[in-house]
Amino acid sequence: MSQSYNRGLVEDFGRWREFTAGMWAWIFHKFTGWVLVGYLFTHIAVLSTAISGANAYTDTIQGLESLLVVRVMEVGLLAVAVFHILNGVRLLFVDLGLGLESQDKSFYASLIVTGVIVLASIPTFLEGAF
(Lines of atoms letter the chains of each structure in order from A; the text may use other names.)
(Lines give C-alpha, C1' and ligand atoms only; values in the text may rest on other atoms or scores of the structure.)
Protein backbone atom coordinates (compact mmCIF):
# COMPACT_ATOMS: atom_id res chain seq x y z
CA MET A 19 0.00 0.00 0.00
CA SER A 20 1.36 3.42 -0.86
CA GLN A 21 1.82 6.13 1.68
CA SER A 22 1.03 9.77 1.17
CA TYR A 23 3.97 12.10 1.09
CA ASN A 24 3.95 15.75 2.08
CA ARG A 25 5.83 17.50 -0.71
CA GLY A 26 5.90 20.85 0.98
CA LEU A 27 6.30 23.75 -1.44
CA VAL A 28 6.66 21.65 -4.60
CA GLU A 29 3.11 22.41 -5.68
CA ASP A 30 3.35 26.05 -4.61
CA PHE A 31 3.44 28.02 -7.85
CA GLY A 32 4.57 31.13 -5.98
CA ARG A 33 7.86 29.37 -5.25
CA TRP A 34 9.52 30.85 -8.35
CA ARG A 35 10.04 34.08 -6.42
CA GLU A 36 12.57 32.22 -4.25
CA PHE A 37 14.69 31.03 -7.18
CA THR A 38 18.31 32.11 -7.21
CA ALA A 39 20.27 33.07 -10.32
CA GLY A 40 21.56 29.50 -10.54
CA MET A 41 18.05 28.09 -10.80
CA TRP A 42 17.08 30.64 -13.45
CA ALA A 43 20.26 29.81 -15.39
CA TRP A 44 19.33 26.12 -15.27
CA ILE A 45 15.73 26.79 -16.37
CA PHE A 46 16.77 29.10 -19.22
CA HIS A 47 19.48 26.69 -20.38
CA LYS A 48 17.06 23.75 -20.49
CA PHE A 49 14.38 25.85 -22.21
CA THR A 50 16.76 27.20 -24.84
CA GLY A 51 18.11 23.70 -25.45
CA TRP A 52 14.62 22.37 -26.14
CA VAL A 53 13.84 25.32 -28.41
CA LEU A 54 17.00 24.59 -30.41
CA VAL A 55 16.04 20.91 -30.71
CA GLY A 56 12.59 21.95 -31.94
CA TYR A 57 14.14 24.34 -34.43
CA LEU A 58 16.36 21.54 -35.73
CA PHE A 59 13.28 19.66 -36.93
CA THR A 60 11.88 22.78 -38.60
CA HIS A 61 15.25 23.41 -40.23
CA ILE A 62 15.38 19.87 -41.60
CA ALA A 63 11.82 20.19 -42.92
CA VAL A 64 12.69 23.37 -44.82
CA LEU A 65 15.91 21.88 -46.16
CA SER A 66 14.04 18.79 -47.33
CA THR A 67 12.18 20.93 -49.86
CA ALA A 68 15.44 20.93 -51.83
CA ILE A 69 14.69 17.30 -52.75
CA SER A 70 11.91 18.61 -54.98
CA GLY A 71 14.35 20.84 -56.79
CA ALA A 72 16.15 24.12 -56.47
CA ASN A 73 13.07 26.13 -57.42
CA ALA A 74 10.96 24.56 -54.67
CA TYR A 75 13.63 25.32 -52.09
CA THR A 76 14.07 28.89 -53.32
CA ASP A 77 10.31 29.46 -53.31
CA THR A 78 10.05 28.10 -49.78
CA ILE A 79 12.83 30.33 -48.48
CA GLN A 80 11.46 33.41 -50.23
CA GLY A 81 7.96 32.66 -48.96
CA LEU A 82 9.17 32.32 -45.38
CA GLU A 83 11.37 35.41 -45.54
CA SER A 84 8.42 37.49 -46.79
CA LEU A 85 6.52 36.87 -43.53
CA LEU A 86 7.17 39.35 -40.72
CA VAL A 87 6.40 36.70 -38.09
CA VAL A 88 9.23 34.50 -39.45
CA ARG A 89 11.69 37.38 -39.23
CA VAL A 90 10.64 38.08 -35.63
CA MET A 91 11.03 34.38 -34.84
CA GLU A 92 14.53 34.50 -36.34
CA VAL A 93 15.41 37.25 -33.86
CA GLY A 94 14.06 35.01 -31.11
CA LEU A 95 16.10 32.10 -32.44
CA LEU A 96 19.21 34.27 -32.35
CA ALA A 97 18.47 35.20 -28.73
CA VAL A 98 17.97 31.55 -27.80
CA ALA A 99 21.14 30.39 -29.57
CA VAL A 100 23.35 33.18 -28.22
CA PHE A 101 22.18 32.70 -24.65
CA HIS A 102 22.55 28.92 -24.86
CA ILE A 103 26.10 29.28 -26.20
CA LEU A 104 27.17 31.90 -23.64
CA ASN A 105 25.62 30.00 -20.74
CA GLY A 106 27.24 26.80 -21.99
CA VAL A 107 30.65 28.47 -21.99
CA ARG A 108 29.91 29.81 -18.50
CA LEU A 109 29.05 26.29 -17.36
CA LEU A 110 32.24 24.96 -18.93
CA PHE A 111 34.29 27.40 -16.89
CA VAL A 112 32.36 26.50 -13.74
CA ASP A 113 32.98 22.80 -14.39
CA LEU A 114 36.68 23.55 -14.75
CA GLY A 115 36.61 25.30 -11.39
CA LEU A 116 36.98 28.82 -12.75
CA GLY A 117 34.65 31.53 -11.53
CA LEU A 118 32.89 29.46 -8.91
CA GLU A 119 32.49 32.48 -6.65
CA SER A 120 30.97 34.68 -9.35
CA GLN A 121 28.42 32.38 -10.97
CA ASP A 122 25.59 34.85 -10.43
CA LYS A 123 27.54 37.68 -12.02
CA SER A 124 28.55 35.56 -15.00
CA PHE A 125 24.92 34.49 -15.52
CA TYR A 126 23.77 38.11 -15.50
CA ALA A 127 26.64 39.01 -17.83
CA SER A 128 25.54 36.32 -20.28
CA LEU A 129 22.01 37.77 -20.21
CA ILE A 130 23.29 41.28 -20.85
CA VAL A 131 25.63 40.22 -23.67
CA THR A 132 22.77 38.24 -25.24
CA GLY A 133 20.53 41.31 -25.07
CA VAL A 134 23.17 43.56 -26.63
CA ILE A 135 23.85 41.14 -29.50
CA VAL A 136 20.15 40.64 -30.20
CA LEU A 137 19.35 44.35 -30.08
CA ALA A 138 22.26 45.12 -32.41
CA SER A 139 21.04 42.44 -34.84
CA ILE A 140 17.38 43.48 -35.05
CA PRO A 141 17.89 45.98 -37.91
CA THR A 142 19.65 43.32 -39.98
CA PHE A 143 16.89 40.76 -39.45
CA LEU A 144 14.05 43.18 -40.14
CA GLU A 145 15.68 44.87 -43.13
CA GLY A 146 13.29 44.84 -46.06
CA ALA A 147 10.41 43.43 -44.02
CA PHE A 148 8.30 46.57 -44.25
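For the sequence shown, this note's numbering gives the first residue as 19, with consecutive numbering after it. The C-beta atom is built at its ideal place from N, Cα and C for all residues, glycine as well.
Close Cβ partners of residue i (< 7 angstroms) along its chain, the five nearest in sequence each way excluded
i	result
I79	none
T38	none
Cα-Cα separation, residue i to residue j
i	j	result
I133	T50	Note that residue 133 is Gly in the sequence shown here, rather than Ile. If I take the Cα positions, the gap works out to 15 angstroms.
N105	L86	29 angstroms
V100	R33	28 angstroms
S139	L116	30 angstroms
L144	G71	28 angstroms
L65	R89	17 angstroms
I135	P141	11 angstroms
A97	T67	26 angstroms
G146	M41	39 angstroms
Residue burial classification, residue i (beta-carbon count within 10 angstroms, cutoff 16)
i	result
H61	exposed
R108	buried
> Where are the alpha helix (DSSP H) runs, 4 residues long or more, that stay fully inside the region 29-76, in chain order?
Replying inline: Counting only runs of at least 4 residues, the region 29-76 fully encloses the following alpha helix (DSSP H) elements, listed from N- to C-terminal order: 39-65.
> At which residue ranges does the region 64-134 contain complete beta strand (DSSP E) runs of 3 or more residues, listed in the order of the chain?
Replying inline: Counting only runs of 3 or more, we get nothing.
> Does the region 37-51 come close enough to the region 122-131 that 3 or more CB-CB pairs lie under 8 angstroms?
Replying inline: Note that the region 122-131 touches the region 37-51; at least 3 beta-carbon pairs, one per stretch, sit closer than 8 angstroms.
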